[in-house]
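In this note's numbering, the protein residues as written are 9 to 302.
C-beta atoms are modelled at their ideal positions from N, C-alpha and C, and glycine is treated no differently.
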């Protein structure tokens, strides 16, 4: 079991190619394991990791909020997508050939959380029962693009307002509920004043149109302490996947992509629960749950 866990760790966490992994195991441990045998070790992990992910997903769907994001991945000769759905101490990755609402619908089933956090990509919108928080970090970048494209009417003030909102979010732990309510009202008033202006540049006109469409989703997080102002948590969860993609150039077969998504689900959830990746892999291979240390 320890060798199986080590193979999965070195391949899926460190991104070591199979040929090099074979050499590493021989040089460090004197183990002579063919590439075919290494593939068999990985494929034997499909069932236990799928079972572990079903538990993580069930826990995630009991919550009131979900955040999501996606990144590209190569599978065979096709471009696929690696999605992450997460909140709190749980994260589930899904490998799929599509970047559409169908992926989210298949993941959620009949469940709909009260709140959703994501960027403004259409497939990730419309899933919350109560409200949707758009990622202010993405929005700030879009505002900066508008400024660089010539907007001096809305952009500078809006950028400052959004940064102010993010700063309030970082201070929420030390602020009373009544103070947060006051801050949210103030943010809305400031946004009203900004929106009363009439931009003249194409970039400014486009920016105003974006704000009108999504402003109701700017400050949902202020009084809801379980939400974040940005979707940076999803981006952090996907970052190792981007590194893995650069190292390995993707997956030869679909089962490898699905297994990697399940392994990342276990490892990212373990990280959030203060469990080491190698320990999480061992627990999964033993069909034991990943619980935070007491």
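Taking the alpha-carbon positions, what's the residue 200 to residue 154 distance?
19 Å
Within the continuous alpha helix (DSSP H) that includes residue 152, where are the two ends?
144-156
Between the segment 138-147 and the segment 226-239, are three or more C-beta pairs nearer than 8 Å?
yes
Look up residue 66 in the DSSP assignment and give the residues it is bridged to.
According to DSSP, which records beta bridges pairwise, residue 66 is partnered with nothing at all.
Let me confirm a value: residue 52 is counted as buried when at least 16 other C-beta atoms fall within 10 Å, else exposed. Which label applies?
exposed
Give the DSSP-derived three-state secondary structure of residue 51 in the structure shown.
helix
By the DSSP assignment, the beta strand (DSSP E) with residue 78 in it spans what residues?
73-83
Could you check where the alpha helix (DSSP H) with residue 240 kicks off and where it finishes?
240-256
Whose C-alpha, out of 171, 161, 72 and 78, is nearest the C-alpha of residue 123?
72
Give me, in chain order, the residues of the same chain whose beta-carbon lies closer than 8 Å to that of residue 215; leave out the 5 immediate sequence neighbours on both sides.
150, 151, 154, 159, 162, 163, 166 and 207
So the beta strand (DSSP E) residue 90 belongs to, where does it begin and stop?
86-95
Please report how far the alpha carbon of residue 195 lies from the alpha carbon of residue 43, in whole angstroms.
58 Å
Return the bridge partner residues of residue 140 from the DSSP annotation.
124
Run through DSSP, which three-state label would residue 101 get?
strand
Should residue 67 and residue 98 be called a contact, given that it needs their Cβ atoms to be closer than 8 Å?
yes
Any idea what DSSP makes of residue 317, helix, strand or coil?
Any property of residue 317 remains undetermined from this structure, which presents the chain solely from 9 to 302.
Pick helix, strand or coil for residue 294, following the three-state DSSP scheme.
coil
Exposure of residue 48, with buried meaning 16 or more beta-carbon neighbours within 10 Å:
exposed
Are three or more beta carbon pairs between the segment 257-272 and the segment 101-114 nearer than 8 Å?
yes
Are residue 231 and residue 192 touching if we call contact CB-CB under 8 Å?
yes
Can you tell which of 210, 135 and 86 has the C-alpha that lies nearest to the C-alpha of residue 156?
210
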